[in-house]
Structures are given as C-alpha cells and as structure tokens.
Amino acid sequence: MTDSAGGHRFKEDNINSTNNLIDRGYFFGENIFTSFKSKKHRFYFLNDHLDRIKQSIQFYFENVNQEKLKIALDKVRVELAEFRNKQKFKEKEEIYVRIMVEVLSDSLDPFVKPQHFNIRLFFKKFEAQDRLEISADFYKINIRESQVPIGIKMGQYANKIQEMQLVRKRNFDDILYIDSEENLLEGTTSNIFFSSGNKVYTPQVRAGIFPGITRDRLIKAFKMSSIGVKEGNYSKNDILNSDQAWYTNSGFGLLQINKISNKDFKIIKSGLTFDKIKSIFDDYSSQYIF
Numbered sequence: 012m013t014d015s016a017g018g019h020r021f022k023e024d025n026i027n028s029t030n031n032l033i034d035r036g037y038f039f040g041e042n043i044f045t046s047f048k049s050k051k052h053r054f055y056f057l058n059d060h061l062d063r064i065k066q067s068i069q070f071y072f073e074n075v076n077q078e079k080l081k082i083a084l085d086k087v088r089v090e091l092a093e094f095r096n097k098q099k100f101k102e103k104e105e106i107y108v109r110i111m112v113e114v115l116s117d118s119l120d121p122f123v124k125p126q127h128f129n130i131r132l133f134f135k136k137f138e139a140q141d142r143l144e145i146s147a148d149f150y151k152i153n154i155r156e157s158q159v160p161i162g163i164k165m166g167q168y169a170n171k172i173q174e175m176q177l178v179r180k181r182n183f184d185d186i187l188y189i190d191s192e193e194n195l196l197e198g199t200t201s202n203i204f205f206s207s208g209n210k211v212y213t214p215q216v217r218a219g220i221f222p223g224i225t226r227d228r229l230i231k232a233f234k235m236s237s238i239g240v241k242e243g244n245y246s247k248n249d250i251l252n253s254d255q256a257w258y259t260n261s262g263f264g265l266l267q268i269n270k271i272s273n274k275d276f277k278i279i280k281s282g283l284t285f286d287k288i289k290s291i292f293d294d295y296s297s298q299y300i301f
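Numbering of the sequence shown is given in my numbering, commencing with residue 12 and proceeding in unit increments.
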C-alpha cells in the first residue's frame with residue numbers, strides 16, 4: 012500500500028512559507044475537510060465535494076478572492092487526475108482521497124478571525140473489501156446548536172472514537188445515534204435510510220444530522236425513479252418496525268444493515284429490494300463520474 016500527500020498553498024496576500032502561521036487545527040480543532048473513495052478508479056460527485064470545500068472557505072474567511080479560490084480548486088482537480096493516472100493498480104485496489112483545508116492565523120487568540128488557509132490533498136491506495144452488510148446499536152446523545160452552518164465538515168472525532176469503542180465491545184459494527192427524545196439522527200460517519208414496502212424514509216437535516224453528499228444524491232436518484240422519499244423526524248421504533256435499513260456515505264456508498272440493537276433484518280426478496288436500490292443509485296451515479 013502506498014501513501015502520497017500533496018497540496019496547494021493559497022493565501023490572500025501572497026503565496027509564501029506558512030512556517031510563522033498558527034495551524035488552528037492543531038490548536039483549536041478547526042480542520043475543514045471532505046473525503047471520498049474511488050470506484051473502479053473513478054470518483055463520483057467530485058463537484059459536490061469541491062463545492063463543500065468552497066462554501067467552507069467562504070464561511071471562515073472574509074473577502075476571499077474568488078478568482079484565486081477557483082484557481083486553487085481547479086488545481087485540486089488536476090492533481091487528483093494526475094495521481095490517479097500515474098498509478099498502477101492491483102486487482103481490487105482503489106484510492107482514498109481527503110481534501111483538507113488547513114485554517115491558519117497570525118494570532119494565538121482563538122477569537123481572532125483566521126486570515127490564511129492551505130488546501131492539501133491526501134491520497135492512499137487500499138484494497139477494497141466486499142463488505143455487504145453491517146450491524147448497529149443505538150447511542151443516545153444530547154444535541155447542541157452550533158454557529159457553524161450545517162454542511163461544513165470539521166475533523167473532530169474524539170467523542171465518536173470513544174463511543175464507537177463502547178459499541179464495538181457490545182459486538183456491533185457501528186452506531187446509530189438518537190437524541191434525548193429517541194429520535195433518529197445518523198451513523199458515526201454516515202446518514203441513515205429505511206424503508207417499509209415501497210416507501211423510503213430518512214431523518215430530515217437539522218442539528219445533529221449532517222447533510223451528506225451521498226444522502227442528497229440518493230434522494231435525487233429515488234425521485235428520478237418516481238420513488239418517494241419522506242424526510243422527517245423518526246423514532247427508534249420507526250426504524251425497528253421497518254422492512255430494511257441502510258447507511259450512506261462517500262466512502263462505501265450504500266451499506267445494508269442486517270441488525271439494529273436486538274432486531275435482525277431479513278433480506279427483502281421482492282418489491283423495493285436493496286439490490287434494486289443499489290441499482291437505482293449506480294445508474295444515477297454514472298452520470299457524475301470524474
């Protein structure tokens with residue numbers, strides 16, 4: 012397996028060494044990123060990921076030069092394509108990509124608006140695993156409203172790592188978060204969907220629920236296939252009484268859940284099967300390949 016990292020530096024005033032700047036990620040946890048994996052060495056919904064990075068930069072930095080920002084993001088495309096095209100892949104080998112925005116400042120004061128940023132790319136080749144399904148257990152958390160807009164992805168995983176370790180000790184693969192009133196939220200790094208009959212449900216985006224790119228695109232794929240998706244507030248009992256459930260994210264795409272807490276889900280063999288759902292999403296995704 013091979014690691015490779017590279018990046019582009021862009022500052023409002025000039026492009027120089029960042030040695031004298033404070034990395035607010037190290038000091039205050041302000042790391043902006045988006046990540047995804049390739050499928051057959053191609054990347055899906057790259058425009059969506061770059062839009063997320065662009066919106067995050069525009070939120071954190073005042074008076075960003077839009078032309079320079081466009082140039083920096085175009086360079087990300089070029090470097091991503093160059094890395095992929097130079098590789099010799101083994102069977103089942105794919106690429107993990109993380110686009111990171113290092114938030115930089117001249118000041119150690121956390122309440123001073125940051126002035127500079129650095130866009131970096133991280134690549135890692137890995138052997139894709141044929142994981143077909145996953146188990147999950149509920150984990151209750153208290154939701155706190157944030158001044159950071161929903162949709163800006165920050166690299167703060169300390170709590171989730173500890174929570175995941177507790178769930179793994181109970182022999183589950185992942186977490187299904189619920190709030191204090193036992194309403195569904197999301198997985199550790201994924202969104203949650205479930206279906207009953209031909210109707211699909213997913214929690215609506217609000218505090219505690221990240222608007223994932225795969226989530227958004229799957230909803231659009233369903234609508235194009237005339238399958239209704241209801242976004243709302245759903246309880247843990249709603250998903251436990253459903254026919255099937257699955258996670259979505261930009262790493263694995265869609266992943267079926269075979270067990271939630273004490274309930275085992277049977278494979279649906281007719282109607283809106285999980286294979287049909289994956290086929291709908293794959294057909295839709297093929298229009299958005301980089």
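C-beta atoms are modelled at their ideal positions from N, C-alpha and C, and glycine is treated no differently.
For residue i and residue j, what's the separation of their Cα atoms in angstroms?
i	j	result
SER67	ASP59	12 Å
LYS22	LYS101	Low confidence applies here, because LYS22 scores a pLDDT of 40, under 50, leaving its location unreliable; read the following figure in that light. Going by the C-alpha atoms only, they are around 38 Å apart.
GLN98	THR259	28 Å
GLU174	ILE220	17 Å
GLY264	TYR37	30 Å
LYS180	ASN248	24 Å
SER297	ILE224	15 Å
GLU113	PHE72	12 Å
PHE301	ASP227	18 Å
SER253	LEU196	16 Å
MET111	GLU41	11 Å
ARG20	ARG95	Here ARG20 scores only 41 on pLDDT, less than 50, and its place in the model should not be relied on; the value that follows carries that caveat. Using only the alpha carbons, I get a separation of about 21 Å.
ASP24	LEU115	Unreliable placement is indicated for ASP24, whose pLDDT of 36 sits below 50; the coordinate value is still reported in the next sentence. Looking at the two C-alpha atoms, the distance is approximately 13 Å.
ILE250	PHE205	6 Å
VAL89	GLN215	35 Å
ARG35	LEU283	47 Å
TRP257	LEU266	5 Å
ASN244	SER281	27 Å
ILE288	ASN209	11 Å
LYS151	ILE145	19 Å
ILE291	ASP275	25 Å
ASP293	SER261	13 Å
GLU78	THR199	36 Å
TYR168	GLU93	30 Å
LYS270	ILE203	13 Å
ASP141	ASP117	46 Å
VAL159	SER272	32 Å
Rounded to the nearest angstrom, how far is the Cβ of residue i from that of residue j, given a contact under 8 Å?
i	j	result
ILE302	ALA218	Only positions 12 to 301 of the chain appear in this structure, which leaves residue 302 out of reach.
ILE64	LEU84	7 Å
ILE161	PRO222	6 Å
LEU91	LEU132	7 Å
PHE56	TYR299	5 Å
TYR107	PHE137	6 Å
VAL211	PHE183	Not really, about 24 Å apart at Cβ, beyond 8 Å.
ILE43	ILE163	7 Å
SER46	ARG109	4 Å
ASN326	SER246	Coverage of the chain is limited to positions 12 through 301, which leaves residue 326 absent and any answer about it impossible.
Have a look at the options and flag the residue whose alpha-carbon is nearest the alpha-carbon of residue i.
i	options	result
SER157	LYS86, MET165, ILE279	MET165
ASP148	ASP117, ILE268, PRO214, GLN298	ILE268
LEU143	PHE285, TYR168, GLU192	PHE285
ASN76	HIS127, LYS48, GLU93, ASN96	HIS127
LYS81	GLU93, ARG95, LEU61, LEU283	LEU61
PHE39	LYS51, ASN74, PHE122	PHE122
SER2	THR213, ASN194, PHE292	What is shown of the chain runs 12 to 301, which leaves residue 2 out entirely.
PHE134	GLU105, SER290, TYR150	GLU105
SER207	ARG53, GLU93, GLU193, ILE278	ILE278
HIS303	ALA139, LYS79, VAL87	Lying before the first or after the last residue shown, residue 303 is absent from the chain, which here runs from 12 to 301.
ASN74	ASP117, LYS103, PRO125	PRO125
Can you tell me where the alpha helix (DSSP H) with residue i in it begins and where it stops?
i	result
HIS60	57 to 71
ILE288	285 to 296
TYR37	35 to 39
GLN173	169 to 180
ASN96	77 to 97
In the DSSP assignment, find the unbroken beta strand (DSSP E) run with residue i in it and report its ends.
i	result
ILE43	42 to 48
ASP190	Unbroken run through ASP190: none, as it is neither H nor E.
ASN153	ASN153 -> no beta strand (DSSP E), and no H or E assigned at all.
GLU104	104 to 116
VAL211	210 to 214
LEU196	195 to 198
PHE54	Neither: PHE54 is in no beta strand (DSSP E) and is coded neither H nor E.
ILE268	264 to 271
ILE130	127 to 138
ALA256	255 to 260
PHE204	202 to 207
LYS241	240 to 243
Does the beta carbon of residue i fall short of 6 Å from some heavy atom of the ligand GTP?
i	result
PHE285	With respect to the ligand GTP, the structure shown offers nothing to examine, as it has no ligands at all.
Please confirm whether residue i has its beta-carbon closer than 7 Å to some beta-carbon of chain C.
i	result
ASN129	In summary, chain C is missing from the structure at hand, where a single protein chain is found.
| Below 8 Å, can you find three or more Cβ-Cβ pairs linking the stretch 233 to 242 to the stretch 181 to 189? | no
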